[in-house]
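A.B. asks:
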Amino acid sequence: MRLRRYGVGALVSLSVLLSLMACSSSSDKPAGQGYNAVAAIESSHSEESWDAIEPIEIKDLQTGAAAMIQAVKDYKQAVESEDQESAAALAREIVGLWKAMEAKVKTMDRVLHQELTSDIVLLLAETSTKPWDRDRLIQLDYKLYQSFRDVKQKIQHS
Amino acid sequence: MHAFKIRFTAFSLLLALLCTFIPLSAVQAAGSSVKVTINGQSLSFDEKPRMVNGRTMVPYRTIAEALGGKVKYDSKAKKATITKGSQTVELTLGSKTAKINGKSASLDAAPYNANGTVLVPLRFVGESLGVWVNWNKSTTTASLLTKKTIKHTLGSTTLNSVPKRAVILFNGGVDITVVLGVKPVGAVESYVQQPFYEYIRSSLVGTKTLGDETQPNLEAIASLKPDVIIATKVRHEKIYSQLNKIAPTIATEDLADWQDNLQVMAAVFNKEEKADAFMADWKARVAEFKKKLPAKDKGAAISVIRINPNGSARAYNTGFAYQIFQELGFTVPKQQAALKQELVTVTSKEQVSLLDGDYIFDFTTDWDGDGAIFKQQKEWTDSPLWKNLKAVKNKKYYKVNAVTWNLSGGALAAKLMLDDLYFYFDLE
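These protein sequence lines are chains A and B, in that order.
Okay, so the first sequence: first residue is 1 according to my numbering, each after it adds one.
Okay, so the second sequence: first residue is 159 according to my numbering, each after it adds one.
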């Protein structure tokens, strides 16, 4: 069980590192300052949380994308009202939805999949970081909002 | 007997009603009278054009020959081949796929034979024969033009056929070509995310880049042998005459007025139907947004800003995002309006209150891709005076997508920006 957890954690860490290397600032979605990838990776709390979150059952990718967009919007409101409990629950929901969707998103667009995985890992990690960097959380969330809008469009055109 | 009479009368009335409706709908299905004009002159037909299932179907041979084309028909293959100038069009009865110079084109409806005459959808006539087609619903008249003169801010330009090799010299126009389904042979490259903004890049595969909006490469433009150039006044007035020597050039009035730019380009490319559909959708979205916006946010003062590479800050009382906020019923912060300046430049932190509003949206751009601008942005947002701004204290300061909120200026960008506002104003 421990080996499996470390294996998954290593995979997550590797994908975050690779994503951060691949993602240039050519994406004009407001990522703002560079991320502290090492801090995100070394947050064992986030690794455990990620691993512990089960995929949420979704009817299909379209429904999943719609649910995700809603969760992302609700997350913003939770952060703005400083409701840390709701924000944490929504971050977990976002991870759960992502786990249900990611295989199909990967076949549609590998680059988008990579970006989304990286961003969601960061969102989960930073939601549990104290004190909150509220602006950063909103920016990450906005980036997710735009990305899942892209996912929704790709589904419609596929 | 009396009961029988009542039943018979009722039945007769019912039959009469049915007889009234059925022939009426049959007439509608067979087509209300449709008129066709070419350059204002009415065309007469042996087999009349008609409306079929809401589509305008027109006799292809008569129109093609009136436009100087030659038509051959293979009755075995049920295939018509039309040649007009360098254009060869092939269509097959019953098939929604035609070919124009060997390239597939899809039809709204399949051509069919009516008493020996091939009828095709009206839109296809325009596409295949390079003529502008306008459908007037109220007069049921299809007006075809073999030439079009477009009056624009820098003069008047005549086009002798619907352009096929367009060069687009401003980013908003590039976005609009994607909306209209017109792939340019050349276009200016984007300010960031070169060669073209990510959100439209996949639609521009094969389009050559021509320098940037402020300094397009004239040689590169000429080498593409375009048949139309779409420019914009503020950027290209000084080189207009040079552009016009390369190809007929049409200049739009306002770089940021995406709605006008969409209409101008739709008129050039015979895509008015697509533009109308886009605008109908836009207006519906704007109406929906305004309806959903809570009372507390109606008329809110919106400050649209960015930090400049030289470290100053700028508030916009003009431009793309500003126009959209105006359309949505938002207002300009009073202290900015009082200055009566389109661009308010703030050089000192002591003047930071000029940037305030109920909401502040910041589309600071990483021009060089090195993140340095964000350090300058941080200097502003770390200052105590900034933290005292109403929008900041109320947590209504947001960093937004510079491409779709400012750098592009196109119709798709407008749609994305509006969608962003659902996120920022917490609307369903």
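The beta carbon of each residue, even a glycine, is placed where N, CA and C say it ideally should be.
1) Name the chain B residues that come within less than 8 Å of Glu-80 (chain A), Cβ to Cβ?
2) May I ask you to list the residues that DSSP assigns as paired with Val-245 (chain B)?
3) Could you give the first and the last residue of the continuous alpha helix (DSSP H) run that contains Ala-435 (chain B)?
4) Does the structure place the region 325 to 334 of chain B close enough to the region 456 to 474 of chain B that three or more beta carbon pairs sit under 8 Å?
5) Which stretch, first to last residue, makes up the alpha helix (DSSP H) that contains Pro-269 (chain B)?
6) For Ile-58 (chain A), which residues in the same chain have their Cβ closer than 8 Å to its Cβ, ignoring the five residues on either side in sequence?
7) Please confirm whether Leu-90 (chain A) and Asp-74 (chain A) have their CB atoms less than 8 Å apart.
8) Using a Cβ cut-off of 8 Å (strictly closer), state whether Phe-581 (chain B) contacts chain A.
9) Of the residues that make up the region 66 to 90 of chain A, which ones have a beta carbon closer than 7 Å to any beta carbon in chain B?
10) Any C-beta of chain A sitting closer than 8 Å to the C-beta of Lys-309 (chain B)?
11) Which runs of the alpha helix (DSSP H) fall wholly inside the region 280 to 320 of chain B and span at least 4 residues, in chain order?
12) Out of B:Glu-395, B:Val-340, B:Val-332, B:Val-392, state which residue places its alpha-carbon closest to the alpha-carbon of Thr-367 (chain B).
13) Report yes or no: do three or more beta-carbon pairs, one from the region 501 to 521 of chain B and one from the region 469 to 476 of chain B, lie closer than 8 Å?
14) Taking only beta-carbon atoms, is Gln-139 (chain A) less than 8 Å away from chain B?
15) Closest to Lys-441 (chain B) by C-alpha separation, out of B:Lys-573, B:Arg-213, B:Lys-557, would be which residue?
16) Gln-62 (chain A) CB to nearest chain B CB: under 8 Å?
17) Of all Cβ atoms in chain B, is any one closer than 8 Å to the Cβ of Gln-146 (chain A)?
18) Does any C-beta atom of chain A lie closer than 8 Å to the C-beta of Tyr-556 (chain B)?
19) For Asp-516 (chain B), go through chain A and note every residue whose CB falls closer than 8 Å to its CB, in chain order.
20) Under the rule that 16 or more other beta-carbon atoms within 10 Å means buried, what is Lys-554 (chain B), buried or exposed?
21) Using a Cβ-Cβ distance cut-off of 8 Å, determine whether Ser-26 (chain A) contacts chain B.
22) Compare the beta carbon distance of Val-72 (chain A) and Ile-56 (chain A) with 8 Å and say whether it is the shorter of the two.
23) Let's see if you can read the secondary structure: which residues bound the beta strand (DSSP E) around Thr-503 (chain B)?
24) DSSP on Ala-458 (chain B), reduced to helix/strand/coil?
25) With DSSP as the reference, label Ser-361 (chain B) as helix, strand or coil.
26) Straight-line CA distance for Ala-256 (chain B) to Ala-267 (chain B)?
27) Looking only at its own chain, which residues have a Cβ that is under 8 Å from the Cβ of Ser-200 (chain B), when we skip the five neighbours before and after it?
28) Exposed or buried, what is Asp-175 (chain A) when buried is set at 16 or more other beta-carbons lying within 10 Å of its beta-carbon?
29) Quick check: is the beta carbon of Arg-149 (chain A) nearer than 8 Å to any beta carbon in chain B?
30) Looking only at C-alpha atoms, which of B:Val-490, B:Gln-417, B:Asp-434 sits nearest to Tyr-517 (chain B)?
31) Using CA coordinates, which residue listed in B:Lys-306, B:Thr-539, B:Ala-433, B:Val-558 is at the minimum distance from Thr-523 (chain B)?
32) Any beta carbon from chain A within less than 8 Å of Asn-559 (chain B)'s own beta carbon?
33) Quick one: Cα of Lys-492 (chain B) to Cα of Lys-432 (chain B), how far?
34) Could you pull out every residue in the same chain whose Cβ sits closer than 6 Å to the Cβ of Thr-315 (chain B), ignoring the five residues on either side in sequence?
35) How far does the alpha helix (DSSP H) with Phe-427 (chain B) in it reach, from first residue to last?
C.D. replies: Once the coordinates are examined:
1) For the purposes of this step, residue 80 (chain A) is taken as the residue at position 80 of the first sequence. Identification of chain B residues near Glu-80 (chain A) by a Cβ-Cβ cut-off of 8 Å yields Lys-553, ordered along the chain.
2) In the second sequence, counting from the first residue as 1, residue 245 (chain B) sits at position 87. Going by the sequence as given, residue 245 (chain B) is Gln instead of Val. The partner list for Gln-245 (chain B) (beta bridge, DSSP) reads B:Lys-242.
3) Reading the second sequence from its first residue, position 277 is the one you call residue 435 (chain B). For Ala-435 (chain B), the enclosing alpha helix (DSSP H) begins and ends at 430 to 450.
4) Inter-segment contact for the region 456 to 474 of chain B and the region 325 to 334 of chain B is absent: fewer than three beta-carbon pairs are separated by less than 8 Å.
5) The sequence position of residue 269 (chain B) within the second sequence is 111, counting from 1. Premise fails: Pro-269 (chain B) is in no alpha helix (DSSP H) and is neither H nor E.
6) Here residue 58 (chain A) is taken as the residue at index 58 of the first sequence, counted from 1. Closer than 8 Å at the Cβ level, and outside the excluded window around Ile-58 (chain A), lie Gly-64, Ala-67, Leu-97, Ala-100, Met-101.
7) Looking up residue 90 (chain A) in the first sequence gives position 90. Looking up residue 74 (chain A) in the first sequence gives position 74. Against a cut-off of 8 Å, the Cβ pair of Asp-74 (chain A) and Leu-90 (chain A) comes out as a contact.
8) One-based indexing of the second sequence puts residue 581 (chain B) at position 423. Taking a beta-carbon distance threshold of 8 Å, Phe-581 (chain B) counts as an interface residue toward chain A.
9) Those residues of the region 66 to 90 of chain A that come within reach of chain B (Cβ to Cβ, closer than 7 Å) are Lys-73, Lys-76, Gln-77, Glu-80.
10) Residue numbering aside, residue 309 (chain B) sits at position 151 when the second sequence is read from its first letter. Lys-309 (chain B) does not count as touching chain A.
11) Whole alpha helix (DSSP H) segments, 4+ residues: 280 to 287.
12) For the purposes of this step, residue 367 (chain B) is taken as the residue at position 209 of the second sequence. Selection B:Glu-395, B:Val-340, B:Val-332, B:Val-392 evaluated against Thr-367 (chain B) yields B:Val-332 as nearest (Cα-Cα).
13) Flag = yes, the region 501 to 521 of chain B and the region 469 to 476 of chain B touch.
14) In the first sequence, residue 139 (chain A) corresponds to position 139, counting from 1. Judged by the 8 Å Cβ criterion, Gln-139 (chain A) is in contact with chain B.
15) In the second sequence, counting from the first residue as 1, residue 441 (chain B) sits at position 283. Looking at B:Lys-573, B:Arg-213, B:Lys-557, the one whose alpha-carbon comes closest to that of Lys-441 (chain B) is B:Lys-573.
16) Here the question's residue 62 (chain A) lines up with position 62 in the first sequence. Cβ-Cβ to chain B under 8 Å: no for Gln-62 (chain A).
17) Counting from one through the first sequence, the residue named residue 146 (chain A) turns up at place 146. Interface with chain B (8 Å Cβ-Cβ cutoff): Gln-146 (chain A) is included.
18) Locating residue 556 (chain B) in the second sequence gives position 398, counting from the first residue. Under the Cβ criterion of 8 Å, Tyr-556 (chain B) is counted among the residues facing chain A.
19) For the purposes of this step, residue 516 (chain B) is taken as the residue at position 358 of the second sequence. Near Asp-516 (chain B) there are no residues of chain A at all, since even the closest Cβ is about 15 Å away, more than 8 Å.
20) Taking the first residue of the second sequence as position 1, residue 554 (chain B) is located at position 396. In the assembly as shown, Lys-554 (chain B) is a buried residue. Its beta-carbon has 16 or more other beta-carbons within 10 Å.
21) Indexing the first sequence from 1 puts residue 26 (chain A) at position 26. For Ser-26 (chain A), the predicted structure reports a pLDDT of 35, less than 50, and the residue's modelled location is therefore unreliable. The matter cannot be settled from this model.
22) Residue numbering aside, residue 72 (chain A) sits at position 72 when the first sequence is read from its first letter. Residue numbering aside, residue 56 (chain A) sits at position 56 when the first sequence is read from its first letter. No. Outside cutoff.
23) Numbered from its first residue, the second sequence carries residue 503 (chain B) at position 345. 501 to 504 is the extent of the beta strand (DSSP E) around Thr-503 (chain B).
24) For the purposes of this step, residue 458 (chain B) is taken as the residue at position 300 of the second sequence. Looking at Ala-458 (chain B) - three-state DSSP - the assignment turns out to be coil, as it is neither helix nor strand.
25) Residue numbering aside, residue 361 (chain B) sits at position 203 when the second sequence is read from its first letter. Here Ser-361 (chain B) sits in helix by DSSP.
26) As a position in the second sequence, residue 256 (chain B) is number 98, starting the count at 1. As a position in the second sequence, residue 267 (chain B) is number 109, starting the count at 1. In this model, Ala-256 (chain B) and Ala-267 (chain B) are separated by some 11 Å (Cα to Cα).
27) Locating residue 200 (chain B) in the second sequence gives position 42, counting from the first residue. By the criterion of a C-beta distance shorter than 8 Å, Ser-200 (chain B) is surrounded in its chain by Lys-193, Val-194, once the five residues flanking it on both sides are discounted.
28) Outside the displayed range of chain A (1 to 158) lies residue 175 (chain A), so it cannot be described from this structure.
29) Mapped onto the first sequence, residue 149 (chain A) falls at position 149. Interface residue, yes.
30) Walking along the second sequence from the start, residue 517 (chain B) turns up at place 359. Per the C-alpha coordinates, the member of B:Val-490, B:Gln-417, B:Asp-434 positioned closest to Tyr-517 (chain B) is B:Val-490.
31) Residue numbering aside, residue 523 (chain B) sits at position 365 when the second sequence is read from its first letter. Comparing alpha-carbon positions, the option among B:Lys-306, B:Thr-539, B:Ala-433, B:Val-558 lying closest to Thr-523 (chain B) turns out to be B:Val-558.
32) Here residue 559 (chain B) corresponds to residue number 401 of the second sequence, with the count starting at 1. Asn-559 (chain B) counts as touching chain A.
33) As a working mapping, residue 492 (chain B) is identified with position 334 in the second sequence. As a working mapping, residue 432 (chain B) is identified with position 274 in the second sequence. Separation of Lys-492 (chain B) and Lys-432 (chain B) (C-alpha to C-alpha, rounded to the nearest whole angstrom) is 39 Å.
34) Locating residue 315 (chain B) in the second sequence gives position 157, where the first residue counts as 1. Shown here for Thr-315 (chain B): same chain residues with a beta carbon closer than 6 Å to its own, the five before and five after excluded, namely Ile-308, Pro-406, Ile-408 in chain order.
35) Residue mapping note: residue 427 (chain B) aligns to position 269 of the second sequence, counting from 1. Note, Phe-427 (chain B): alpha helix (DSSP H), 416 to 427.
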